[in-house]
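Written out below as structure tokens is the structure these notes cover.
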Amino acid sequence: MHAINIGIIGGSHTDDYYCSIAYKVGELLAKKNIVVICGGKEGIMECVSKGVSDNNGIVIGILPGNDKTEGNRYLTIAMPTGIGYMRNFLIVRASDALIAIEGFSGTTSEAAFAISEGKTVVSIGDLDIKRKETDGKLIRASDPEEAVEIAISEATKHAHNKIDKSL
């Protein structure tokens, strides 16, 4: 059985409140041995990466540029892509479920793409999307514990569905 990957999406600029939420999400996922996928730079991405790193987890940063050094210092693996914001699609494709922690247009585009791909997005903070008819859904969570619990449950369902469809 493959590891569960949960993508964390959120703004590159954040405040202390949402940074502490992202850190806690990273901590909780690391303690459950979940691989975290993110954009690898600053803001929510750096806060979640620190939470994962401080708890000996694995966090993969899928970077927009060509240089590994553009990633934050907490990444386990920095993957430069050279494709700019198109890397958002790689984050979604690599994730079994996603947690959106506040965000703006980039986060909204990632969440919308995830939902259109049939993946669940768990949202903490402001994020509102209308969706087409797919299996994807947006679920709101009130705190890091609830977000992690829902995302793992949904990722497990998604991972099993992928395996079943390939047989």
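The working numbering applies: residue 186 is where the sequence shown begins, and numbers increase by one. For every residue, glycine included, the Cβ atom is placed at its ideal position computed from N, Cα and C. Every value quoted in this text rests on a predicted model; they were computed, and no experiment measured them.
Give me, in chain order, the residues of the same chain whose beta-carbon lies closer than 8 Å to that of residue i; leave out the 5 immediate sequence neighbours on both sides.
i: residue 324; result: 305, 306, 307, 308, 335, 339
Taking the beta carbon of residue i as the centre, do at least 16 other beta carbons fall within 10 Å, making it buried, or is it exposed?
i: residue 330; result: exposed
i: residue 150; result: Nothing in the structure corresponds to residue 150, since the chain is present only between 186 and 352.
i: residue 218; result: exposed
i: residue 241; result: exposed
i: residue 251; result: exposed
i: residue 343; result: buried
What are the residues that DSSP puts in a beta bridge with residue i?
i: residue 263; result: 246
i: residue 323; result: 306
i: residue 195; result: 286
i: residue 190; result: 220
Could you give the distance in angstroms between the alpha-carbon of residue i and the alpha-carbon of residue j?
i: residue 327; j: residue 341; result: 21 Å
i: residue 302; j: residue 281; result: 10 Å
i: residue 235; j: residue 193; result: 13 Å
i: residue 255; j: residue 226; result: 7 Å
i: residue 315; j: residue 191; result: Model confidence at residue 315 stands at a pLDDT of 46, short of 50, so the residue's coordinates are unreliable; what they give is reported in the following sentence. Spanning the two alpha carbons is a distance of roughly 22 Å.
i: residue 337; j: residue 189; result: 8 Å
i: residue 204; j: residue 333; result: 16 Å
i: residue 187; j: residue 215; result: 16 Å
i: residue 257; j: residue 294; result: 22 Å
Below 6 Å CB to CB, which residues in the same chain sit around residue i once its five sequence neighbours on both sides are set aside?
i: residue 262; result: 245
i: residue 289; result: 196
i: residue 202; result: none
i: residue 199; result: 228, 229
i: residue 259; result: 234, 235, 238
Within this structure, are the beta carbons of residue i and residue j separated by less than 8 Å?
i: residue 279; j: residue 296; result: no
i: residue 272; j: residue 224; result: yes
i: residue 287; j: residue 269; result: no
i: residue 221; j: residue 233; result: yes
Tell me which same chain residues have a C-beta within less than 7 Å of the C-beta of residue i, skipping the five on either side of it?
i: residue 322; result: 300, 305
i: residue 353; result: Limits of the chain in this structure are 186 at one end and 352 at the other, which puts residue 353 out of reach.
i: residue 317; result: Residue placement at residue 317 cannot be trusted, given a pLDDT of 46 that sits under 50; what the coordinates show is reported in the next sentence. Hits under 7 Å: 301.
i: residue 206; result: 286, 309, 329
i: residue 291; result: 270, 273
i: residue 213; result: 329, 330, 333
Residue i: beta carbon under 7 Å from a heavy atom of the ligand FMN?
i: residue 235; result: Questions concerning the ligand FMN fall outside what the structure shown contains, since it holds no ligand whatsoever.
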